[in-house]
Amino acid sequence: MDVLFRQESNFFYLTGVDQPGYHLIIDINKEKSILFAPKMHSDEIMWVGEPDSLAEQQKIYDVDEIKYSDEIDNTITQLSPSTIHTINEVFDNQTIKKYESMINLRMPEKVSLLTDSLNLIELWTSVA
169 MDVLFRQESN
179 FFYLTGVDQP
189 GYHLIIDINK
199 EKSILFAPKM
209 HSDEIMWVGE
219 PDSLAEQQKI
229 YDVDEIKYSD
239 EIDNTITQLS
249 PSTIHTINEV
259 FDNQTIKKYE
269 SMINLRMPEK
279 VSLLTDSLNL
289 IELWTSVA
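Residue numbers (our numbering): 169 to 296.
1) Can you tell me where the alpha helix (DSSP H) holding Lys207 begins and where it ends?
2) Do the CB positions of Ile228 and Leu203 come within less than 7 Å of each other?
3) Throw me the rounded Cβ distance for the Asp232 and Ser201 pair, which I believe falls under 8 Å.
4) Taking the alpha carbon of Pro249 as the point to measure from, which residue in Asn197, Val185 and Tyr190 has its own alpha carbon closest?
5) Taking only three categories from DSSP, how would you classify Tyr181?
6) How far does the beta strand (DSSP E) with Ile193 in it extend, from its first residue to its last?
7) So the candidates are Phe173, Thr183 and Thr245; which of them puts its Cα closest to the Cα of Ala205?
8) Could you tell me whether the Cβ atoms of Ser237 and His191 are closer together than 7 Å?
9) Which residues does DSSP list as the beta-bridge partners of Lys235?
10) Residues in its own chain within less than 6 Å of Gln175 by CB, not counting five upstream and five downstream?
11) Determine the direct distance from the alpha carbon of Ile193 to that of Thr243, and round the result to whole angstroms.
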């Protein structure tokens with residue numbers, strides 16, 4: 169039996185995305201949203217069809233920028249945020265240490281876990 173996917177409510181409110189595997193960064197200082205879409209494997213495309221292009225998804229979801237999910241780490245490094253807030257508590261200690269070292273954060277003062285939902289990562293960044 170397949171388990172039906174239900175998007176996390178706050179993420180759906182912010183993006184309108186009702187598909188799994190998406191992530192969102194909001195740069196509060198620049199008032200810019202970056203949506204990260206999952207790359208679909210060829211075997212998935214055979215069953216569900218070709219996904220919308222990134223440009224089409226950017227129009228559909230009305231975000232400032234869209235990238236593939238494998239670009240999250242590089243984007244966070246480029247943004248060099250002083251603070252990360254996350255809607256979902258999906259960071260285990262290893263992930264927190266990775267991001268802490270990427271952006272020179274000291275824990276726990278600089279990372280706020282806003283809820284304990286476990287669906288997706290959504291990062292709200294505050295760039296210094």
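All C-beta atoms in this analysis are idealised placements derived from N, C-alpha and C, irrespective of residue type, glycine included. These numbers were taken from a predicted model, which means no experiment stands behind them.
Inspection of the coordinates gives the following:
1) To locate residue 207, count along the sequence shown from 1; it is residue 39. Annotation for Lys207: no alpha helix (DSSP H) segment contains it, and DSSP assigns it neither H nor E.
2) Within the sequence shown, residue 228 is the residue found at index 60, counting from 1. Within the sequence shown, residue 203 is the residue found at index 35, counting from 1. A distance of 7 Å or more separates the beta carbons of Ile228 and Leu203.
3) If you number the sequence shown from 1, residue 232 lands on position 64. If you number the sequence shown from 1, residue 201 lands on position 33. Contact holds; Cβ gap of about 5 Å.
4) Numbered from its first residue, the sequence shown carries residue 249 at position 81. Ranked by how close their Cα comes to the Cα of Pro249, the residues Asn197, Val185 and Tyr190 have Asn197 in first place.
5) To locate residue 181, count along the sequence shown from 1; it is residue 13. In this structure, DSSP gives Tyr181 a helical state, which the three-state scheme calls helix.
6) As a working mapping, residue 193 is identified with position 25 in the sequence shown. For Ile193, the uninterrupted beta strand (DSSP E) run begins and ends at His191 to Asp195, by DSSP.
7) Mapped onto the sequence shown, residue 205 falls at position 37. Of the candidates Phe173, Thr183 and Thr245, Thr183 places its Cα closest to the Cα of Ala205.
8) Position 69 of the sequence shown, counting from 1, holds the residue named residue 237. Position 23 of the sequence shown, counting from 1, holds the residue named residue 191. Taking the C-beta atoms as reference points, His191 is found nearer than 7 Å to Ser237.
9) Along the sequence shown, one-based indexing puts residue 235 at 67. Listed as beta-bridge partners of Lys235 by DSSP are Phe204.
10) Position 7 of the sequence shown, counted from the first residue, corresponds to residue 175. For Gln175, same chain residues with a beta-carbon under 6 Å away, outside a window of 5 residues either side, are Asp186 in chain order.
11) Here the question's residue 243 lines up with position 75 in the sequence shown. Here the question's residue 193 lines up with position 25 in the sequence shown. Spanning the two alpha carbons is a distance of roughly 9 Å.
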